[in-house]
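S.K.: Chains U and H, in that order, give the protein sequences. Okay, so the first sequence: first residue is 6 according to our numbering, each after it adds one. Okay, so the second sequence: first residue is 85 according to our numbering, each after it adds one. C-beta atoms are modelled at their ideal positions from N, C-alpha and C, and glycine is treated no differently.
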Amino acid sequence: MSTPRSTTPPENRTPAFGPMAGRRRGPMGHGPMAMMRGEKARDFKGTMRKLIQYLGSYRIAIAIVMLFAAASTVFSIVGPKILGKATTKLFEGVVGQIAGSSTGIDFAYIGRILLTTLALYLASTLFAYVQGWIMSGISTNIAYRFRKDIAAKINRMPFRYFDSTSHGEVLSRVTNDVDTVNQTLSQSLSQIITSVVTVVGVLIMMLTISWQMTLAALLIVPLSMGVIALVVSQSQKYFKQQQDYLGHVNGHVEEMYGGHVVMKAFNGEARSVERFDGLNNTLYDSAWKSQFLSALMFPIMGFIGNLGYVAICVLGGYLAAQKAVTVGDIQAFIQYVRSFTQPITQIANISNVLQQTAAAAERVFEFLAEEEEISDVADPVRPEKIDGHVVFEHVRFGYSPDKVVIHDFYADVKPGQRIAIVGPTGAGKTTMVKLLMRFYDVDQGAILIDGHNIKQFKREDLRCMFGMVLQDTWLYNDTIMENIRYGSPGASDEAVIAAAKAARVDHFVRTLPEGYGLVLNEEVTNVSQGQKQLLTIARAILIDPAMLILDEATSSVDTRTEVLIQEAMYELMKNRTSFIIAHRLSTIRNADLILVMNGGDIVEQGKHEELLARGGFYAGLYNSQFENAEVGNGR
Amino acid sequence: MLRLTKYLKPYLLAIVLAIALLFVQANADLALPDYLSKIVNNGIQQGGVENAVPKAIRQSQMDKLLIFLSVDDRALVQKSYLLVQPASPEAQQYVKEYPALANAPIYVLQQVDAAEMRSLNSSMAKALVAVSGIEQIIADPSKAASMGQALGFDLSKIPAGMDVFALLARLPAAQLAPISSALDQRFASLGDSMVTQMAIAAVKAEYEALGVNVAKLQRDYILRIGGLMLLISLLGGACTIAVGFLASRTSAGVARDIRKQVFKKVESFSGIEFDKFSTASLITRSTNDVTQLQMVIGMMMRMVIYAPIIGVGGVIRALGKSANMWWIIALAVVGLLGLIAIVFSISLPKFKIMQSLVDRLNLVMRENLTGMMVIRAFSKQDDEAARFDKANRDLTGTSLFVARVMVTMMPVMMLVMNGLSLGIIWVGAHQIAQSTMQVGDMMAFMQYAMQIVFAFLMMSMMFIFLPRAAVSGDRIADVLETEISITDPPDPEPFKQPFSATIEFRNVFFRYPGALADVLHDISFTARPGETTAFIGSTGCGKSTVVNLIPRFFDVTDGAVLVDGIDVRQVRQSDLRDKIGYIPQKGMLFSGTIESNLLYADENASSETLQEAADIAQASEFILVKPEGFSAEIAQGGSNVSGGQKQRLAIARALVKKPPIYIFDDSFSALDFKTDSALRQALKQHVAGATVLIVTQRVATVKNADQIIVLEEGRVVGQGKHHELLQSCETYQEIAYSQLSKEELA
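See the structure below:
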């Protein structure tokens, strides 16, 4: 069985990532590194504009968030300055006491100041909390909307899209990208505000204390910026290297464990370990260097901070002696300087964070902007009864315009006939199915059902005409009862059981611990492949369709179940126009029409005898079965 | 996690060194607030004057001081100071610093040791305060009453204009004694700190009288202390860097060592151990779990060990600054830990729920994607949207709740910290008023308090991280401590020369350890060179297990597998496997190129050999249409070639090896009948002399085998050739009829 897109293993790995993955990005996880995920959006401005539009409905809430974030910051900034007054008063009191000039410390005043500051801090806390509360509401809501939109979008997209996009990629948008937007948005939005307000506010507060000291403090900024840039650029190099080699090591581990038997069978143990050692040692080199370099940042910044500290103390002492500033001012100033560098680093970081947001948002928006299925016709036909007369009228189709796989296909299928689609692996046998059910539209020509072009039907109505049983059995995480009922929601339990009986699966279901109530587990591993196929047959029987699409490949089914499946399928095919992706020669030979496919194209069509007589591709395919059989029978 | 401690051994020195450095770093970090306090106390508040012992003093002033000193103190003072006359040669040296020397003789402080300095400080402070008090009264008699009290006698009684000091100096010792003791009493009630500070004010006044540049004095002091502070901070920084160096080397090194050991161990695992852990779990254990450990070791060395050191040190220093303010810190610590405990006890269980909701969301989405055709075929888009929406809503609700709980953390934490500062200022102010503390000390105390709080925060973080790492550590240790069930015998036998590839199963039983039923039950057969032995049966009948016993992927539970007459358990595994060309069910290629995959069997194979192998395996047709041919890339797991191509390449790989035994473990399943048949034809010609074992589900594949063994539920139910089995074996008939129609089989 073949589909144009390969169901590649990588998607199986995606479940490992959840929305949580964003939170623990960077397996070596060290703080300052988080800022270095150098991912860039292609159209930063455009994406941001879209994102802002998307945020539009939260306009008021966001305004409140901004206001509250600013208020919270302002209140917390004013704190030290006012608190400084208390220190000054205390200091004056002490000095006065020493000089014997005053009665002592003015506790009433200090108490008032402390209470004022406490009130400020309380207000700041409250604003910060309310801000965070609203913001988390906004960002989770956006994540919800994004996910909902993506899920809805998937249902409106043409199949074509998924030819070139793996499930893993789509899943990654729902989880990783949405989560990145969610995380970075709430982080960056409030950070932009608090950082800017902090920098401006602190600068103002510092200036009100002393411009000379402010100047001295500002001189520290470029110095620390330079150091940060230097350290970051160095450690980034090794960090990237480390990630690369971690990838290599993990890749090798995955590969060797996955192919353990092969490795063993070919005595590859020593070679594998040797290769691993090489990779592991390189990883070690870059790992410790990257860790070490990123750990350099704190002590260096600490030293620079202290440098500024001493400068301010010297200057402050001098100014205090001149009575230009008070001791409390110096204390406040020191606090300001300490809270000055952090928001500056944050502002520098925000552009990175925004880039990340934009990159993730861009992928989400791109996905949402993908082309959708063309809509159904305005006045669809709705015949009372479908006989199942199907005509392929000079159909031309290709998955991409430059690769036409069906050139000019004509076939007239009478009601109740069986069409066998045969061909080697990868021949594109499901293409016909996809065209019939309008998963893809034909490029030229038309498919007619009971004389109506299938484009004249509503997609929903069209698809209801077919019962489909694919090798790729699709069941979902619910009870067996509900799984059989899937296509006909109104069906009674009795009808479901009758269908199960017809599909030869009733007995099996009854042997299960909870019978029809058994919930299929997430990977649907609690029933065998063969049973799954029987369940899908029951599902098709229950909807009682006019036409059938069957895939009879049963490669991983034991023989007894296979016999059951075969019986059930024959039961199902009675009096229905059936399209069978056939693997059994008996099915093929009994078909009214055989479509022989190879390389995505219909290479031959006709009845078994005709095709054999023609001695073409089909004859070769058929005979390959028999040359050995003949030898084996000793004839 | 303790099970892995032996991997730390090589790094013991580094760890001990790091701990020692952390002590230095902690001390440096803790010393800094002390210097800050000095800068504020002495540098700013006291104008750079450290204590009550003036470096220089006018002779006139010294004489006054001496009046208030005991005989012993007087001796010490006279010993410590040198009298310099204006015109004397020494004056040259000092006049610049003390301009007053030009007109009057001064005393200059000489070298004194610390003990002398202390005793000088306390005695001279009192004298200075007494003298300056009297001088103030002289300058402003109105203060006499209040000041007199401080001095213990009423100076207002002294007639104005009279030289008090001259008077006092003339007083006999007996009369002076009560005055001195009254002063001492008074000073005791003021407290040493206050007296010293009052004296320092006097010293400052004296310096001014001496013409000293007071501003420069202050600046010099701040610069000196600041310089020291920078030096200490440099030392601390250097220690941090050194610790960082050691920590990153150690953590990366331990991770490297463990990773290597785990990998080596897993590579030596047999199928039993692989099944026990599962491949996915082994991968996680070798990658993520090791990385987790690396992170934790690094964190331990840098922070976790540091936290208690700085915490205890901070407590000691803080108590040194003020012994009775510890309760404020304790309050803050308890408050913060309480906050963290509450937040995490609410959010942690929710995190678990959230993870399952995320999994649920992913599941629904994945079902939507994989079942797209079915969903659309049944027109169930709306129902699916509703199902997804429910999962989405559930996740959103819980994650919002968690986010909002977490959001309380930061603001409340900040509030507690700020509240801590406020509390310290309020309580500290009272202490300062009682002169048990100085402003600078209070500021230092504040910083110690912060350091203590952070230490506790870090330690609480440890309780969040360590359990996680402990789980990783245990998972790794489980792998490392696993005993390998299949090992080489202590003295292996060599195969005979020439080698004959006869394989004999002698009453073989196999059952997984701990399982209740046998997978294989009493299997006996002989496969001979030049013959094809095929195994057929439904899924789970044990046919793959049979052939996996030959290269010792598993060992028999009972009975024996003999190759060339020797029990496979008696030979070296590598010798045994050298004889076998094994083709696994799923192809299983490694990343690289087609060529590198084929060379995996034999690194020295010639390109002709590769070409030939590809021809036989029917792989040439698709290799040659690729523009790169044999150099075409193969992605990890061979994901960029189809299942059938993978199988053909895997067959070609085994052919390159040219072994005497071939095992095809269901290796034709992804091939269409035509390719299958062509391949078997080609094989027949090229491996004519080899022993071939084929596992399959297809009757067509086994039809012309020399020997077919039909298995059902681990037992041999039929053995013979195709036509014989069609007659005699019911299971074989069932299989055959389900695949081929009767006339085809006839």
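Applying the criterion that 16 or more other CB atoms from any shown protein chain within 10 Å of the CB defines a buried residue, is H:Val647 buried or exposed?
M.R.: Buried: at least 16 other Cβ atoms inside 10 Å.
S.K.: Given this structure, state the Cα-to-Cα distance separating U:Thr122 from U:Leu88, to the nearest angstrom.
M.R.: Looking at the two C-alpha atoms, the distance is approximately 7 angstroms.
S.K.: What residues are listed by DSSP as bridge partners for H:Val647?
M.R.: DSSP lists H:Ile587, H:Ile650 as partners of H:Val647.
S.K.: In chain order, what residues of the same chain lie with their CB nearer than 8 angstroms to the CB of U:Lys94, ignoring the 5 residues before and after it?
M.R.: Ile110, Asp111, Tyr114, Ile115, Ile118, Gly333, listed in sequence order.
S.K.: Could you say which of U:Ile355, U:Leu440, U:Ile586 lies nearest to U:Phe164 if we only look at CA atoms?
M.R.: Of the listed residues, the one whose Cα sits closest to U:Phe164 is U:Leu440.
S.K.: Strictly under 9 angstroms for the Cβ-Cβ distance: is U:Arg152 near chain H by that measure?
M.R.: Yes, because at least one Cβ of chain H sits closer than 9 angstroms to the Cβ of U:Arg152.
S.K.: Can you grab the Cα-Cα spacing for the pair U:Gln461 / U:Ala365, in whole Å?
M.R.: Straight-line Cα distance between these residues: approximately 39 angstroms.
S.K.: Could you list which residues in chain H have their beta carbon closer than 8 angstroms to that of U:Asn311, in chain order?
M.R.: Residues of chain H passing the Cβ test: Leu116, Met313, Leu314, Ser317.
S.K.: Hey, does U:Leu228 have any beta-carbon neighbour from chain H nearer than 9 angstroms?
M.R.: Taking Cβ atoms only, chain H never reaches closer than 9 angstroms to U:Leu228, which makes this a no.
S.K.: What are the residues of the segment 380-392 of chain H that lie near chain U, defined by any Cβ-Cβ distance shorter than 8 angstroms?
M.R.: Those residues of the segment 380-392 of chain H that come within reach of chain U (Cβ to Cβ, closer than 8 angstroms) are Gly382, Arg386.
S.K.: Taking only beta-carbon positions, decide if H:Lys730 is within less than 9 angstroms of chain U.
M.R.: False, the Cβ-Cβ gap to chain U never drops below 9 angstroms.
S.K.: Indicate whether at least one CB of chain U lies closer than 9 angstroms to the CB of H:Asn408.
M.R.: No, its Cβ sits nowhere closer than 9 angstroms to a Cβ of chain U.
S.K.: Which value, in whole angstroms, describes the spacing of the CA atoms of H:Met387 and H:Met542?
M.R.: Approximately 7 angstroms between the Cα atoms of the pair.
S.K.: Where U:Leu643 and H:Gly131 are concerned, what is the direct C-alpha to C-alpha distance, given to the nearest angstrom?
M.R.: No statement about residue 643 of chain U is possible, as the shown extent of chain U runs from 6 to 640 and does not include it.
S.K.: In terms of DSSP beta bridges, what is H:Tyr33 paired with?
M.R.: The structure shown does not extend to residue 33 of chain H, since chain H spans only 85 to 830, so no value can be given for it.
S.K.: On the criterion of 16 or more Cβ atoms from any shown chain inside 10 Å, does H:Val523 qualify as buried, or is it exposed?
M.R.: With 16 or more other Cβ atoms within 10 Å, it is buried.
S.K.: Applying the criterion that 16 or more other CB atoms from any shown protein chain within 10 Å of the CB defines a buried residue, is U:Ile379 buried or exposed?
M.R.: It counts as exposed.
S.K.: Can you tell me which residues form a DSSP beta bridge with U:Ser405?
M.R.: In the DSSP output, where bridge partners are listed per residue, U:Ser405 has U:Lys408.
S.K.: Under a CB-based cut-off of 9 angstroms, is H:Met456 close to chain U?
M.R.: It does: the Cβ of H:Met456 has a partner Cβ on chain U nearer than 9 angstroms.
S.K.: Please determine, among H:His807, H:Gln695, H:Thr480, the residue with the shortest C-alpha to C-alpha distance to H:Arg444.
M.R.: Answer by Cα proximity: H:Thr480.
S.K.: Mind reading off the beta-carbon distance from H:Val448 to H:Phe472? Whole number of angstroms is fine, and I expect it under 8 angstroms.
M.R.: Indeed, because the Cβ distance is near 5 angstroms, the residues count as touching under 8 angstroms.
S.K.: To the nearest whole angstrom, what separates the beta carbons of U:Ala543 and U:Ala508, a pair I think is in contact under 8 angstroms?
M.R.: Yes, they are in contact, since the Cβ atoms of U:Ala543 and U:Ala508 sit about 4 angstroms apart, within 8 angstroms.
S.K.: Does U:Met602 come out as helix, strand or coil in the three-state DSSP assignment?
M.R.: It is a strand residue.
S.K.: Could you round the C-beta distance between U:Leu540 and U:Ile489 to whole angstroms and report it? I think they count as a contact, below 8 angstroms.
M.R.: With 8 angstroms as the limit, U:Leu540 and U:Ile489 qualify as a contact, their Cβ atoms being about 6 angstroms apart.
S.K.: Can you round the beta-carbon distance between H:Phe67 and H:Ile667 to whole angstroms, since I take them to be within the 8 angstroms contact cut?
M.R.: With chain H represented from 85 up to 830, any question about residue 67 of chain H goes unanswered, as that position is not in the structure.
S.K.: At which residue ranges does the segment 757-817 of chain H contain complete alpha helix (DSSP H) runs of 4 or more residues, listed in the order of the chain?
M.R.: Runs found: 757-770, 783-786, 806-812.
S.K.: Can you list the residues of chain H that U:Ile110 reaches, using a CB-CB cut of under 9 angstroms?
M.R.: Going along chain H in sequence order, the residues near U:Ile110 (Cβ under 9 angstroms) are Ala513, His514, Ile516, Ala517.
S.K.: Could you give the DSSP three-state label for U:Gln188: helix, strand or coil?
M.R.: Note: U:Gln188 maps to helix in three-state DSSP.
S.K.: By alpha-carbon positions, which one of H:Asp558, H:Tyr684, H:Ser352 ends up nearest to H:Leu86?
M.R.: Out of H:Asp558, H:Tyr684, H:Ser352, H:Asp558 has the C-alpha closest to the C-alpha of H:Leu86.
S.K.: Can you give me the Cβ contacts of H:Gly422 inside the same chain, cut-off strictly under 8 angstroms, excluding the 5 residues immediately before and after it?
M.R.: Counting only Cβ-Cβ distances below 8 angstroms, and skipping sequence neighbours, we find nothing.
S.K.: Between the alpha carbons of H:Asp118 and H:Gly404, how many angstroms are there, rounded?
M.R.: Near 11 angstroms, if we compare the C-alpha coordinates of H:Gly404 and H:Asp118.
S.K.: So, are the CB atoms of H:Arg636 and H:Pro576 less than 9 angstroms apart?
M.R.: In this structure, H:Pro576 does not lie closer than 9 angstroms to H:Arg636 by Cβ.
S.K.: Are the segment 187-198 of chain H and the segment 140-158 of chain H touching, with three or more C-beta to C-beta distances below 8 angstroms?
M.R.: A contact exists between the segment 187-198 of chain H and the segment 140-158 of chain H.
S.K.: Give me the Cα-Cα distance between H:Gln195 and H:Ser121, rounded to the nearest whole angstrom.
M.R.: Cα to Cα, H:Gln195 sits roughly 26 angstroms from H:Ser121.
S.K.: Cβ closer than 9 angstroms: which chain U residues qualify as neighbours of H:Asp464?
M.R.: The question names Asp, but residue 464 of chain H in the sequence shown is Lys. By Cβ distance, chain U contributes Tyr491, Gly492, Pro494.
S.K.: May I have the straight-line CA-CA distance separating H:Phe538 from H:Ser332, to the nearest angstrom?
M.R.: Going by the C-alpha atoms only, they are around 23 angstroms apart.
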